[in-house]
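Here's the structure we're looking at; comments come further down.
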Amino acid sequence: MKNLNEPLKFLHAIAGLLSVLLLCPDAWAATEVRVLDLRDGAASNTIYIRHAGTVTPVKLAKMNLSDSLRIAEPDGKISVADLPEQLRDGRPPSEACQVALDTEWRRVVLIVFPGSTGGGLFRIHAINASPEVFPKGGVHLANLTNFRVIGRLGSRTIQMEPASMGLVQPPNEQVGDYPVMIDCVAKGSQERRPLLRGTWRREPDARQLVFIVPAPGRTVPRVFSIPDFDPAGVPPISNSKQTTDP
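In terms of mature numbering (1 follows the signal peptide of the UniProt record, and there is no 0), the sequence shown is residues -29 to -1, 1 to 217.
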């Protein structure tokens, strides 16, 4: 005879799960935050994030994304600092950066850039990395130079002004290789110089953060990329190469 207790146990388990979710709305509204620190020689490998009165340390990874920090539905603004005392209640975050987050963002990448005034200050930029906005296979481009950047990523056309950022939807529809042909144009010039030639690979579990940065002494900027993949995924492998100086 079939055991009637098994379906009842299953229903009780489902009811228990629903009660936890209903009593803890953060389970629905949690936002995943990861940090990428691009500063050379940062004083610490830990950064601190303050949200809703709580200061949380985040362990940084050199030239890579930090582990995920899950916070309750953002109230519109978070503060970031190198030291926890810079985020104490009642003290203005003079050495911290603040950034506003949209309450609809479910996944956020915070990029920490060197400050322009020195003294250990920095600036941050928040990327809406929600799956519906920045899907797996997508590429986020940050042009941090005075060059215009033009070219193609797979089937996508790239046109970027100096000091700009943009999101490129997956450059090809299928998982696999796609061609990369990107040029740069110096300020006041019309000459296109090859910047990047090669083949990148779209992996099913990865997004790419691509940075175009100044390269003193060179005629073209430098390009580097950092994969953003889920913990269970595998970082994408790229065999692209940057064109050397002519």
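Cβ coordinates follow ideal geometry from the N, Cα and C atoms, glycine included. Quick caveat, the model's predicted, so the values are computed rather than measured.
(request) Look at the alpha carbon of Ala113 and the alpha carbon of Ala52, and state the distance between them as a whole number of angstroms. (result) Cα to Cα, Ala113 sits roughly 23 Å from Ala52.
(message) Quick check on DSSP: helix, strand or coil for Pro150?
(response) In the structure shown, Pro150 adopts extended strand secondary structure according to DSSP, grouped into three states.
(request) Quick one: using the 10 Å Cβ neighbour count with 16 as the cut-off for buried, is Leu(-9) buried or exposed? (result) Because the pLDDT at Leu(-9) is just 34, under 50, the model does not fix this residue reliably, and the point stays unresolved.
(message) Measuring CB atoms only, is the stretch 147 to 154 touching the stretch 76 to 86, in the sense that at least three cross pairs come out at less than 8 Å?
(response) In short, these stretches do not touch, since the Cβ pair count stays below three.
(request) Work out the CA separation of Glu56 and Arg5 for me, nearest whole Å. (result) The straight-line gap separating the alpha-carbon atoms of Arg5 and Glu56 is approximately 21 Å.
(message) So, under 8 Å CB-CB, Met131 and Gly137 are touching, yes? Tell me the CB distance rounded to an integer number of Å.
(response) Indeed they touch by this definition, with Cβ atoms about 6 Å apart.
(request) Label Pro102 either buried or exposed according to how many other C-beta atoms from any shown protein chain fall within 10 Å of its C-beta, with 16 as the threshold for buried. (result) Exposed is the call here.
(request) Measure the CB-CB distance between Ala177 and Lys107 and report whether it falls below 9 Å. (result) It is a contact, given that the beta carbons lie within the stated cut-off.
(message) Taking the beta strand (DSSP E) that residue 221 belongs to, which residues open and close that run?
(response) The chain is shown only over -29 to 217; residue 221 falls outside these bounds and no answer can be derived.
(message) Please report the distance separating the alpha-carbon of Arg163 from that of Asn117.
(response) Linking Arg163 to Asn117 through their CA atoms gives a straight-line distance of about 14 Å.
(request) Please report the Cβ distance between Ala43 and Ala23, rounded to the nearest whole angstrom; I am assuming they are in contact, meaning their Cβ atoms lie under 8 Å. (result) Between Ala43 and Ala23 the beta-carbon gap is near 7 Å, inside 8 Å, which marks them as a contact.
(request) To the nearest angstrom, report how far apart Thr17 and Ser160 are at their CA atoms. (result) If you take the alpha carbons of Thr17 and Ser160, they lie about 42 Å apart.
(request) Report the rounded CA-to-CA distance for Trp76 versus Arg189, giving the unit in angstroms. (result) Each residue's Cα considered, the two are about 39 Å apart.
(message) Here's the rule I'm using: 16 or more other beta-carbon atoms within 10 Å means buried, otherwise exposed. How should Asp38 be labelled?
(response) Result: exposed.
(message) Please identify the residue among Gly122, Arg21, Val80, Arg41 whose C-alpha is closest to the C-alpha of Gly169.
(response) The residue from Gly122, Arg21, Val80, Arg41 with its alpha-carbon nearest to that of Gly169 is Gly122.
(message) I'd like to know whether the C-beta atoms of Cys68 and Phe105 end up nearer to each other than 9 Å.
(response) No; because the gap between Cβ atoms is not below 9 Å, this pair is not in contact.
(request) May I ask you to list the residues that DSSP assigns as paired with Ala32? (result) Under DSSP, Ala32 shares a beta bridge with Asn35.
(request) Determine the DSSP secondary structure at Glu3, reduced to helix, strand or coil. (result) Residue state, collapsed to three classes: strand.
(request) Measure the Cβ-Cβ separation of Leu180 and His111 and say whether it is below 9 Å. (result) In this structure, His111 lies closer than 9 Å to Leu180 by Cβ.
(request) Could you name the residues that DSSP lists as bridge partners for Thr17? (result) According to DSSP, Thr17 bridges with Lys30.
(message) On the DSSP letters alone, give me the boundaries of the beta strand (DSSP E) that Arg127 sits inside.
(response) Run containing Arg127: 127 to 131, per the beta strand (DSSP E) assignment.
(request) Give the range of the beta strand (DSSP E) segment to which Lys48 is assigned. (result) Counting along the chain, the unbroken beta strand (DSSP E) around Lys48 starts and ends at 48 to 52.
(message) Excluding the 5 residues flanking residue 218 on each side, which residues of the same chain have their C-beta closer than 6 Å to its C-beta?
(response) Nothing in the structure corresponds to residue 218, since the chain is present only between -29 and 217.
(message) Give me the residue from Ala157, Thr128, Gln140 with the minimum Cα distance to Ala134.
(response) Nearest of Ala157, Thr128, Gln140 to Ala134, Cα basis: Ala157.
(message) Given this structure, state the Cα-to-Cα distance separating residue 218 from Val26, to the nearest angstrom.
(response) An answer regarding residue 218 cannot be provided, because it is not within the stretch -29 to 217 covered by the chain.
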